[in-house]
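Residue numbers (our numbering): 382 to 853. Where a beta carbon is used, it is the ideal one built from N, C-alpha and C, also for glycine. Working notes, structure below.
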Ligand code: PHE
């Protein structure tokens, strides 16, 4: 064990930091829309099954690898698989992936922060106009917001695991829960709120097809921050006396609860203001929902609570999403940071200076790929579609490599590293050996999970790059 590796100060510290990572834009915006379009309660049921049978075992495998090796993902695979082993590639992918996902997640976080500032400056009416989003993302203001968010992020990361990551989560996560609860209560008191609840909760199994099943799985997988090396890294900061199985279950529950509550906020709000809303009208993308659809909804509140009231509700919403996004961003940037520290032997400060420079450049390349720079806006063409630089980053790393990383960790943990996995999961958890959890983790990691993740990976590659549809 590396001498003096920082640790979370307590179990609660880890739970909040990991939940901070898991709760993101996906929970607050992506989940409610996917659930409504995917048959309401039927989607919720599917989602819960995927969390229990697929995500929790993968979480446990990632956490175990990190805690056992006390290393970042590159070091972890290297230490356990040996220097010449091809598994090193899995380690490398577990660091490059979060690095690139951090780039595009940063762009969206910057927009969220920008919208928050615009709203508190009294500009909700402008944001509610359909053309505003496009003008906003191509304005120079975005660079100012980028600098502010980057400074904020780096101040947290520079302060280290306990004083930075854990402290930020301890402040922002309870604030996020309270803001969310407040908004849910407010929205549920609006007229017609019940119509939204009906769409969200009543199961409609006729809507469940292969596409919906796939979207429930991706949603659950991404929401729990799997395949990004995050839980390997955070696992390396967890005390040996804690039960990883119990921690994983708690984080999964907290993350799912936030996603569920987000639905109780968004759908009633939509139906309260437009009782004739149809789920077909809902936009498919989180970005469209957050930056075009919801500002209109908030603006429509003016008739009941006045302009200032509507702006307060909108500001609370964007602050909430900003907290969720920044804690996710912290976790994902910590992965390459810890790799630079462990693998290259850099100090935290030097590691962050390197990261800020390289990630900053790539982030700017993404920001200008929405129209400011032609060569990056129409960057390449594949699968019969023109793609911007931003699209390429999302397609390759978020959509394609994530499930591959999940597949690799579970094959590694189950077939190459089984004894260590069992031993690590048994630490701090006397009842693990012989438990029901152990049996289902064994079986899922060995069969169900690799098969499903392989299918998802093949389907994505066929669809994205060859315009060939297997599912959907
Ligand atoms: N769990 C996040 C979400 O739902 C996904 C994510 C995690 C993205 C960490 C980036 C970093 O939005």
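query: Which first and last residues belong to the alpha helix (DSSP H) in which residue 487 is found?
result: 469 to 501
- prompt: Given residue 383, which residues of its chain have a CB within under 6 Å of its CB, disregarding the five upstream and five downstream residues?
  reply: Because the pLDDT at residue 383 is just 44, under 50, the model does not fix this residue reliably, and the point stays unresolved.
query: How big is the Cα-Cα spacing for residue 410 and residue 465?
result: 43 Å
message: Suppose you measure from the CA of residue 685 to the CA of residue 843; what does that come to, to the nearest Å?
response: 49 Å
query: Going along the chain, which residues of its own chain have a beta-carbon closer than 7 Å to the beta-carbon of residue 782, five neighbours each way excluded?
result: Taking C-beta separations shorter than 7 Å and ignoring five residues to either side along the sequence, the partners of residue 782 in its chain run 474, 478, following chain order.
field: the ligand FMN heavy atom lying under 7 Å from the CB of residue 644
entry: Here the bound small molecules are the ligand PHE; the ligand FMN is not part of this structure.
- prompt: In terms of residue numbering, what span does the alpha helix (DSSP H) encompassing residue 615 cover?
  reply: 611 to 616
query: Roughly how far, in whole angstroms, is the beta-carbon of residue 556 from the beta-carbon of residue 704, given that I think they are within contact range, below 8 Å?
result: By a beta-carbon distance limit of 8 Å, residue 556 contacts residue 704. Their separation comes to about 6 Å.
- prompt: Just to confirm, are residue 435 and residue 825 a CB contact at a threshold of 8 Å?
  reply: yes
query: What do you get for residue 586, buried or exposed, if any count of 16 or more other CB atoms within 10 angstroms of its CB means buried?
result: In this structure residue 586 is exposed. Its beta-carbon is surrounded by fewer than 16 other beta-carbon atoms within 10 angstroms.
query: So, is residue 828 buried or exposed, given that buried needs 16 or more other C-beta atoms within 10 angstroms?
result: exposed
- prompt: Using the beta-carbon count (16 or more within 10 Å), is residue 525 buried or exposed?
  reply: exposed
message: If you measure between the beta carbons of residue 541 and residue 683, is that distance less than 8 Å?
response: no
- prompt: Which of the three DSSP states, helix, strand or coil, is assigned to residue 683?
  reply: helix
field: Which listed residue (472, 638, 460, 531) has its alpha carbon closest to that of residue 491
entry: Ranking 472, 638, 460, 531 by Cα distance to residue 491 puts 531 first.
message: For a minimum of 4 consecutive residues, which ranges assigned as the alpha helix (DSSP H) are wholly contained in the region 500 to 533?
response: The qualifying runs are 505 to 508, 513 to 518.
query: Would the C-beta of residue 720 count as close to the ligand PHE, meaning under 7 Å from any of its heavy atoms?
result: no
field: Contact check, residue 771 vs residue 485, beta carbons under 8 Å
entry: yes
Pair within 8 Å by beta-carbon distance, residue 791 and residue 830: Closer than 8 Å, so yes.
- prompt: Do the region 713 to 725 and the region 407 to 421 meet, that is, are 3 or more Cβ pairs less than 8 Å apart?
  reply: no
message: Quick check: residue 546 and residue 715, are their CB atoms within less than 8 Å of each other?
response: yes
field: residue 443, enclosing alpha helix (DSSP H) - first and last residue
entry: For residue 443, the uninterrupted alpha helix (DSSP H) run begins and ends at 437 to 450, by DSSP.
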